[in-house]
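Residue numbers (this note's numbering): 112 to 779.
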């Protein structure tokens with residue numbers, strides 16, 4: 112597949128404007144939607160992957176996963192289809208930079224700005240997690256930030272519904288620098304795995320560096336599993352302690368030691384933001400206490416602490432048996448003192464957090480079971496939830512269930528939640544509309560599979576002749592390609608029965624111009640040939656055609672006509688006086704046929720030589736015509752009577768005993 116150049120029309124709808132970038136699976140182009148008059152980002156799967164069913168399925172899954180996630184912080188997917196033997200996704204176009212580019216250009220970012228972008232990423236992740244979708248590849252390359260600071264997450268190419276672990280071939284999915292430890296080990300992933308990746312992104316925004324890097328992906332993955340990250344403040348001293356503690360909390364190796372969900376991490380980050388904006392110089396300890404209390408209120412308890420604990424455990428290997436530092440380097444001594452100070456700060460934080468946690472548990476609301484309402488109509492479900500003393504919030508989602516049916520609830524049915532808290536119900540709006548995919552050129556079976564994957568079905572097959580598609584190939588659909596139709600709708604396939612047959616006009620004897628016009632009007636292509644005519648009347652006219660006139664041939668096929676041209680002429684050699692054999696050879700070499708007659712001569716010098724020719728020497732004649740030569744033959748006398756007969760080609764002598772009859776041409 113050649114790369115689409117500007118003005119290339121993709122699938123008859125999207126006009127390519129320019130190239131935006133390239134990824135591991137696909138190239139991305141800016142295009143204009145000719146039907147809706149808007150700019151889109153067109154992602155075309157690399158051709159080498161288009162032949163691999165696993166990659167095609169992954170690409171299809173990206174479109175399906177993202178299409179169901181309509182959120183201000185998620186890039187919208189509009190359409191998908193096929194083009195030039197590969198597949199494409201049409202997505203929302205965002206005029207901005209990737210977060211990776213922003214980090215390269217501006218890192219380290221201001222802490223408040225980094226918190227704001229992280230919270231937006233977490234809101235997108237929270238929305239996906241609530242719908243059972245784990246992104247599994249959150250990284251700054253997959254976040255677009257516009258000039259106003261609004262961030263959107265894209266690329267759900269390896270997203271899966273629910274907690275999934277490995278691909279069918281056993282390969283780890285994701286990008287090494289942003290993998291969670293469990294993902295690097297090939298273990299099942301969940302929402303906490305996405306939060307770890309977000310923590311890596313936040314670390315990179317604050318420091319301009321990755322927490323773990325190496326020459327190979329395997330080495331990086333091992334560091335995620337076994338090494339503690341360098342505290343970010345040692346790279347960027349301007350990072351507030353409360354924010355550093357949050358980063359290290361999210362980067363815990365054990366998923367259970369990280370935030371319970373995106374909501375909890377958002378709450379802590381918001382308190383970090385408040386603490387940073389309100390705290391002045393020397394007030395960080397109190398700010399950290401506020402953050403720890405916020406974490407406890409959100410359900411984090413004292414879980415923030417293990418982030419540094421893991422780091423300190425790795426640093427302990429640098430001490431001797433008595434606990435004293437074995438190295439005497441000034442920098443190392445300064446770091447040791449720094450960690451002693453951190454220990455006191457951490458102790459204060461834990462004490463305050465413990466007090467806050469105790470207060471929370473003493474005053475927290477009574478918890479009750481969340482009733483199961485999945486499958487019920489939303490009004491009935493709302494009443495049931497409210498009877499159990501919960502608040503109700505609803506969100507509308509595309510689903511195959513009928514409109515108004517509850518398809519999921521959060522918190523899940525059967526779990527306990529605080530009385531008076533909110534239960535969010537996901538309510539089906541119906542399957543919604545889908546776009547009719549391109550199936551031109553496919554067989555009926557192949558087209559049926561493509562339509563089924565798109566949520567449609569084949570309702571009818573209509574045969575029609577086609578000069579473009581071979582017999583058995585789909586020529587089009589009704590509704591047409593890219594038309595928006597209800598999920599589950601039927602589609603009519605128009606299938607080629609082959610090229611239509613037509614009667615070939617008989618053009619023998621017609622001029623080349625007339626014959627070409629007649630054949631073209633009948634739907635045929637004309638190929639002219641030339642051949643010398645056998646008569647002057649055939650010059651310029653058709654003397655033969657293939658296929659023959661009045662036979663049938665496919666419309667658009669080729670008819671060869673042979674047009675007569677003037678006969679070719681050449682000079683006749685002069686052969687009078689030449690021996691008959693030499694004369695005949697000379698004439699044949701010049702392109703003539705030879706006819707010979709005999710004339711009786713009395714001059715012995717003329718015996719066996721040419722005494723006359725027609726046409727005469729040095730005249731012109733048509734190549735292939737016949738030149739007649741007259742060959743002299745000496746008259747013989749005999750005592751016996753003979754009968755001699757002379758013809759144009761040979762002489763026959765027959766003995767006789769009575770009379771002599773001689774037919775000759777008197778010689779010279």
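Here a beta-carbon is modelled for each residue, glycine too, at the ideal position from N, C-alpha and C.
**Study point:** With 16 other Cβ atoms within 10 Å as the buried cut-off, status of residue 380
**Key:** buried
Review point. Per the contact definition of three or more C-beta pairs closer than 8 Å, is the stretch 611 to 620 in contact with the stretch 660 to 669?
Key: yes
Practice item. Using a threshold of 7 Å, state whether the C-beta atoms of residue 125 and residue 144 are closer than that. Key: yes
Check your understanding: Would residue 155 be called buried (16 or more neighbouring beta carbons within 10 Å of its own) or exposed?
Key -> buried
Review point. Is DSSP giving residue 575 helix, strand or coil here?
Key: strand
**Study point:** Straight-line gap, residue 195 to residue 548 (C-alpha atoms, nearest Å)
**Key:** 14 Å
Practice item. Could you tell me whether the stretch 589 to 607 touches the stretch 563 to 581, using the rule of 3 or more Cβ pairs below 8 Å? Key: yes
Check your understanding: Going by the beta-carbon positions, is the gap between residue 738 and residue 698 smaller than 7 Å?
Key -> yes
Exercise for review: Name the residue from 733, 672 and 367 whose alpha carbon lies nearest to the alpha carbon of residue 702.
Suggested key: 733
Check your understanding: Anyone know if the C-beta pair for residue 551 and residue 585 falls short of 7 Å?
Key -> yes
Exercise for review: Could you please give the first and the last residue of the uninterrupted alpha helix (DSSP H) stretch that includes residue 150?
Suggested key: Here residue 150 belongs to no alpha helix (DSSP H); instead the beta strand (DSSP E) covers 149 to 156.
Point to revise | Distance CB(residue 639)-CB(residue 674) smaller than 7 Å | key: yes
Review point. If we ignore side chains and look at the alpha-carbon of each, how far apart do residue 159 and residue 564 end up?
Key: 21 Å
Review point. Does the count of Cβ pairs from the stretch 229 to 236 and the stretch 294 to 311 closer than 8 Å reach three?
Key: yes
Check your understanding: Taking C-alpha atoms, which residue in 251, 247 and 244 lies nearest to residue 218?
Key -> 251
Practice item. Determine the DSSP secondary structure at residue 404, reduced to helix, strand or coil. Key: A caution first: residue 404 carries a pLDDT of 49, below 50, which makes its placement in the model too unreliable to give a value.
Practice item. Check the C-beta distance from residue 479 over to residue 499 and give it rounded, since I have them as a contact under 8 Å. Key: 6 Å
Point to revise | Residues bridged to residue 488 [DSSP beta-bridge criterion] | key: 516
Practice item. Identify whether residue 312 lies in helix, strand or coil by the three-state DSSP scheme. Key: helix
Review point. So, is residue 258 buried or exposed, given that buried needs 16 or more other C-beta atoms within 10 angstroms?
Key: exposed
**Study point:** Any beta strand (DSSP E) of 3 or more consecutive residues that is wholly inside the stretch 597 to 649
**Key:** 601 to 607, 612 to 614 and 636 to 643
Review point. Mapping DSSP to helix, strand and coil, what is residue 688?
Key: coil
Point to revise | Span separating the alpha-carbon of residue 682 from that of residue 631 | key: 41 Å
Point to revise | Three-way DSSP call (helix, strand, coil) for residue 710 in this model | key: strand
Review point. On the three-state DSSP scale, how would you describe residue 524?
Key: coil
Review point. Leaving out five residues before and five after residue 634 in sequence, what residues of the same chain have Cβ atoms less than 8 Å from its Cβ?
Key: 613, 666 and 667
Review point. What distance in whole Å lies between the Cβ atoms of residue 214 and residue 310, which are believed to be in contact at a cut-off of 8 Å?
Key: In fact, because the Cβ distance is near 15 Å, the residues do not count as touching under 8 Å.
Check your understanding: What number of angstroms, rounded off, separates the C-alpha of residue 161 from the C-alpha of residue 582?
Key -> 25 Å
Exercise for review: With DSSP as the reference, label residue 129 as helix, strand or coil.
Suggested key: strand
Exercise for review: Classify residue 679 as buried or exposed, calling it buried when 16 or more other Cβ atoms lie within 10 Å of its own Cβ.
Suggested key: exposed
Review point. By the 10 Å Cβ neighbour count, where 16 or more other Cβ atoms means buried, how is residue 342 classified, buried or exposed?
Key: buried
Check your understanding: What are the boundary residues of the alpha helix (DSSP H) that residue 582 is part of?
Key -> It is not in any alpha helix (DSSP H) - residue 582 carries neither H nor E in the DSSP assignment.
Point to revise | Test item: CB-CB of residue 539 and residue 518 under 7 Å | key: yes
Check your understanding: With DSSP run on the structure shown, which of helix, strand or coil describes residue 568?
Key -> strand
**Study point:** residue 527 versus residue 122: straight-line alpha-carbon distance, rounded
**Key:** 51 Å
Exercise for review: Give the straight-line distance between the Cα atoms of residue 544 and residue 588, rounded to the nearest whole angstrom.
Suggested key: 17 Å
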